[in-house]
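Residues in the sequence shown are numbered consecutively from 5, following this note's numbering. Here a beta-carbon is modelled for each residue, glycine too, at the ideal position from N, C-alpha and C.
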Amino acid sequence: LEDYGNPYRAIFEVKKLDEGWDVLNLFDIVRLYETRDSRSGKPGKTTISEAQLIGRGARYCPFSLSPGQTKYQRKYDDDMDNPLRICEELYYHCQNSSRYLDELKTALREAGIDLDKTVTRTYTLKEDFKQDAFYQQGIAFMNERAVKSRKDVTGLLPSVREKIYSFSASTGRTGEDTVFEESNAANDSAVKTHLYSCTISDIAKINYAIVYKGLCKFHVFKFHSLKEYFPNLKSVREFVFGENYLGNIKIEIISREEVPAISTMYDACFSVLTKIAENISSIEET
Numbered sequence: 005l006e007d008y009g010n011p012y013r014a015i016f017e018v019k020k021l022d023e024g025w026d027v028l029n030l031f032d033i034v035r036l037y038e039t040r041d042s043r044s045g046k047p048g049k050t051t052i053s054e055a056q057l058i059g060r061g062a063r064y065c066p067f068s069l070s071p072g073q074t075k076y077q078r079k080y081d082d083d084m085d086n087p088l089r090i091c092e093e094l095y096y097h098c099q100n101s102s103r104y105l106d107e108l109k110t111a112l113r114e115a116g117i118d119l120d121k122t123v124t125r126t127y128t129l130k131e132d133f134k135q136d137a138f139y140q141q142g143i144a145f146m147n148e149r150a151v152k153s154r155k156d157v158t159g160l161l162p163s164v165r166e167k168i169y170s171f172s173a174s175t176g177r178t179g180e181d182t183v184f185e186e187s188n189a190a191n192d193s194a195v196k197t198h199l200y201s202c203t204i205s206d207i208a209k210i211n212y213a214i215v216y217k218g219l220c221k222f223h224v225f226k227f228h229s230l231k232e233y234f235p236n237l238k239s240v241r242e243f244v245f246g247e248n249y250l251g252n253i254k255i256e257i258i259s260r261e262e263v264p265a266i267s268t269m270y271d272a273c274f275s276v277l278t279k280i281a282e283n284i285s286s287i288e289e290t
């Protein structure tokens with residue numbers, strides 16, 4: 005989505021923005037249904053999740069225009085005529101239903117976003133304080149924020165790369181299987197499963213496309229994005245095979261096959277990459 009020549013301008017999704025998507029250029033959300041699940045005027049679970057979605061979409065504005073300008077901070081809230089203000093605006097489109105809008109505003113307030121309430125306060129210094137030597141001659145110091153360099157970062161955190169990730173594949177067995185089996189089916193109804201242990205580099209050696217396809221699903225795994233988090237990284241292949249990155253991350257796959265099928269390996273790999281993408285995306289400048 006961040007590519008200059010990207011042909012896609014709209015995405016239709018169901019529960020896609022709940023987690024795991026590092027979307028940086030979200031400017032419009034269109035609600036394509038009119039159902040409500042509120043009771044007694046209180047927002048339902050759906051409306052609350054929509055308010056949370058608005059919050060996630062509205063918080064992204066990671067750009068800086070000059071050296072030293074804070075990247076992860078809103079810049080034009082008080083500059084209404086600045087043309088770049090559009091980069092920090094999010095539009096939520098929905099049906100014109102007063103009940104729904106009231107419920108959404110309530111949910112936004114509960115999420116910490118108050119659209120209506122603006123409070124202006126004036127603070128006045130006491131005259132005796134202004135005559136004080138501290139006020140007249142004192143010096144105030146203000147810290148200047150300096151971004152901590154990541155030049156010494158050489159891999160994922162140990163808590164990420166040393167964790168053993170588990171994935172259970174669908175067994176393909178349904179309740180109907182048991183109903184129509186012979187009388188001794190109760191004894192044999194348990195599906196035999198196998199535990200297959202491997203690393204992400206093991207899967208990549210079997211078929212590199214399995215891992216690469218999973219990486220392509222996340223913006224944070226694009227090389228230019230990875231370089232921001234891991235400046236010592238030389239290539240995507242190093243990220244896949246390097247022991248400090250994905251290489252030695254262990255996956256335990258439970259399935260009906262002694263050696264999981266390619267599709268099962270991909271599902272397991274995608275599940276693990278989703279968690280790792282969330283972890284990397286949560287890294288903030290310090």
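Answer with buried or exposed for Cys202, where buried requires no fewer than 16 other C-beta atoms within 10 angstroms of its C-beta. Its Cβ being crowded by 16 or more others within 10 Å, Cys202 is buried.
Tyr139 in three-state terms, based on DSSP: helix
Report the partner residues of Cys202 according to the DSSP bridge assignment. Ile255
Considering only C-alpha positions, which residue in the set Phe171, Ile210, Tyr249 is nearest to Glu256? Phe171
On the DSSP letters alone, give me the boundaries of the beta strand (DSSP E) that Asp32 sits inside. 32-34
Under DSSP, the beta strand (DSSP E) around His97 begins and ends at which residues? 95-97
Status (buried if at least 16 other CB within 10 Å, exposed otherwise) for Val195: In this structure Val195 is exposed. Its beta-carbon is surrounded by fewer than 16 other beta-carbon atoms within 10 angstroms.
Among Ala272, Glu54, Pro235, Val240, which residue has its Cα nearest to the Cα of Arg154? Pro235
Cβ shell of Asn252 (< 6 Å), same chain only, five flanking positions each side left out: Thr203
Close beta carbons around Asn147, own chain, < 8 Å, minus the five adjacent residues each side: none
According to DSSP, Ile168 sits in a beta bridge with which residue or residues? Lys254
Going by C-alpha distance, which of Tyr249, Pro264, Asp32, His198 is nearest Leu57? Asp32
Flag this pair as yes or no: are the beta carbons of Lys221 and Leu277 separated by less than 9 Å? yes
Buried versus exposed call for Thr268 [16 or more other C-beta atoms within 10 Å across all chains shown]: buried
Keeping to the same chain, check which residues put their C-beta closer than 6 Å to that of Gly179; ignore five residues upstream and five downstream. At Gly179, the pLDDT of 47 sits below 50, so the modelled position is not reliable; the number obtained from the coordinates is stated separately. Hits under 6 Å: none found.
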